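Residue numbers (the working numbering): 31 to 181. Cβ atoms here follow ideal geometry from the backbone N, Cα and C, with glycine treated the same way. Nothing here was measured: the structure is a model prediction, and the numbers come from that model.
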Amino acid sequence: MKGHLVRIAFYLATPAIRLYRLIFRPGGRAAACLIRNQGEILLVRNTYGERSWTLPGGAARKKESPEEAVRREVLEEVGINLKTLEFLGDYFTDRRKNIALFYFFAEVPEREFKLNGWEILEGGWFPENDLPQPLSESVPRILEMYRSRAR
């Protein structure tokens, strides 16, 4: 029941958060991680916003580095404690959001994950060439960063 109420709160708060960002343009930092196991990628769908499939991750706290943020967010969202991280790259969103996004890669030995239930609606492992739809616009960008690192 508690998880259901939190999902409703996230859903109801999303328009207000978007309006606040549009008016005040607060900026910020966020980090996400491309997590692979046996050639498949872990994707999640949030309980709020557009609900497209995306990578685990989220906003960095004030004194938190992007690496610390992605480790914390992945642990909170899917229960995976990332051992080794590789930095893939970063970019800034459009002027409306003014957010610096940092992307990382991690290969994990286990396929087991546990969704937190109140922020994450569902998750799963998917082959790179058969990703679910709708897909967040950031996922293809991060996959390209991942592929180009080996070139």
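Could you tell me the alpha carbon to alpha carbon distance between residue i and residue j, rounded to whole angstroms?
i      : j      : result
THR77  : GLU137 : 26 angstroms
ASN128 : ALA43  : 20 angstroms
GLU174 : PRO45  : 31 angstroms
TYR176 : ASN159 : 14 angstroms
ALA130 : ASP120 : 7 angstroms
ALA99  : LEU118 : 15 angstroms
ALA39  : GLY79  : 12 angstroms
Here's a check: name, in chain order, each residue in its chain whose Cβ is nearer than 8 angstroms to the Cβ of residue i, leaving out the five neighbours to either side.
i      : result
ASN146 : GLU106, GLU107, VAL108, GLY109
ARG75  : ARG81, SER82, TRP83, THR84, ILE150, LEU151, GLU152, GLY153
PRO162 : LEU73, TRP83, GLY154, PHE156
How far does the alpha helix (DSSP H) with residue i in it reach, from first residue to last?
i      : result
TYR133 : Element bounds for TYR133: not the alpha helix (DSSP H) but the beta strand (DSSP E), 129 to 137.
ALA99  : 96 to 108
GLU174 : 168 to 179
Between residue i and residue j, how many whole angstroms is the CB-CB distance? I'm expecting something under 8 angstroms.
i      : j      : result
THR114 : SER166 : About 24 angstroms separates the two Cβ atoms, so there is no contact after all.
PHE134 : ALA61  : 7 angstroms
LEU72  : TRP155 : 6 angstroms
For residue i, which residues in the same chain have their Cβ closer than 6 angstroms to its Cβ, ignoring the five residues on either side in sequence?
i      : result
GLU103 : GLY87, GLY88
Closer than 7 angstroms by C-beta to residue i: which residues in its own chain qualify, once you throw out the five before and the five after it? Chain order, please.
i      : result
THR123 : ILE129, LEU131
PRO96  : ARG59, ALA61, ALA90, PHE132
ARG101 : LEU112
Next item on the list: Take every Cβ of the stretch 110 to 118, pair it with every Cβ of the stretch 56 to 69, and state whether three or more of those distances are shorter than 8 angstroms.
Entry: yes
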